[in-house]
Structures are given as C-alpha cells and as structure tokens.
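Under the UniProt record's numbering, read the sequence shown as residues 1 to 144, first letter to last.
Accompanying notes for the structure given below.
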Amino acid sequence: MPTQLETILAGNNITEIQHQLRIYLMNHPLDNDGELAKAITKINEQQLGVWMVHDGKVFIEDEIKWNQSYLAEQQIELHNNFSQERFLHMMAVAGFLASDPSNEAPPEPFKLYGASMGTIMTVGVIIFCIIAITMVVFIRNQYI
1 MPTQLETILA GNNITEIQHQ LRIYLMNHPL DNDGELAKAI TKINEQQLGV WMVHDGKVFI
61 EDEIKWNQSY LAEQQIELHN NFSQERFLHM MAVAGFLASD PSNEAPPEPF KLYGASMGTI
121 MTVGVIIFCI IAITMVVFIR NQYI
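Laid out in structure tokens, this is it:
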C-alpha cells in the first residue's frame, strides 16, 4: 500500500507535492520512518521539477541560534523559494528542535545599543523636557 507521500508524488501536481512535503516535515520533523528521505530521492530520480533554484539567502548554520522563530521564518522562505537546499536545511532545523525541547534557544534580549538606542534616547529626552516644563509652569503658578 503506497504511503501518503508516494500517492502525492504519483500525481505529478508540483504545487500539491510542495504543500504536502511542507506539511509532512512539520508533522514528522525527525523523519523516523524515512518517508521524507524516500520522497526526496524519488523526486530527484524522476526529475519532477519540484525544486526551485536556491535564491542564495544564507542559512544560520549555528544550531545554538536555531529556535521556533527561525523555523517559522524558514517556512515562509520555503513557501517563496522551494529549493532543495532550503528544504534540507529545514529538515535539519526541525529535527534538531524536535529531538530535545531544551534545544529551544532563549529569546534574544532587548539591546540597548545600535538603532534602538537612538529611539530610547530621544524618548527619554522628550519625557525629561515635558517634566521640566511642567515643573516650571507649576512653580511659576505657585509663586506668582
């Protein structure tokens, strides 16, 4: 009896194959049954035209930085550029995150430097000026 992916591959509907591969990857990130590996082999052997040319965007290779946000970002990128390189990278990221929940990287802390520092300083100066003007008006009204 053919598996779900084998049935989809037999149909030769490229959009449906891509869709089902994405769903299967998210539902079976460790690919314990080897179905994704078999499907990739079959796609490559039959040259089904499922893969797009990779758009050249660089992947984060440092596993410490892999988290659910990065995986979600890659899902969006895969939707826009269904390249074999991106799909294999997503398999690695999804498998890594699914293998151990402690692999989830902590969120990046709010940085008090760079572009955000200018905004913080501007808001601080504005608040200080408002307080200073309020104090001057209050004192002036008290004693005049």
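Built from N, CA and C at the ideal position, the CB exists for glycine as well.
Residue i to residue j span [Cα, whole Å]
{"i": "Glu35", "j": "Phe87", "result": "14 angstroms"}
{"i": "Ile131", "j": "Arg140", "result": "14 angstroms"}
{"i": "residue 162", "j": "Asp31", "result": "One cannot answer for residue 162 here, as it falls past the ends of the chain, which runs 1 to 144."}
{"i": "Thr15", "j": "Gln4", "result": "15 angstroms"}
{"i": "Asn12", "j": "Asn80", "result": "20 angstroms"}
{"i": "Gln68", "j": "Gln142", "result": "58 angstroms"}
{"i": "Gly95", "j": "Met135", "result": "59 angstroms"}
{"i": "Phe82", "j": "His28", "result": "18 angstroms"}
{"i": "Leu78", "j": "Ala10", "result": "22 angstroms"}
Endpoints, the alpha helix (DSSP H) within which residue i is located
{"i": "Ser69", "result": "68-80"}
{"i": "Met91", "result": "84-99"}
{"i": "Thr41", "result": "35-46"}
{"i": "Glu6", "result": "4-11"}
Residue burial classification, residue i (beta-carbon count within 10 angstroms, cutoff 16)
{"i": "Ser99", "result": "exposed"}
Integer-rounded CB distance, given that residue j should sit under 8 angstroms from residue i
{"i": "Ile17", "j": "Ile8", "result": "6 angstroms"}
Does the segment 116-130 come close enough to the segment 48-64 that 3 or more CB-CB pairs lie under 8 angstroms?
Contact between the segment 48-64 and the segment 116-130 is absent, because fewer than three Cβ pairs lie under 8 angstroms.
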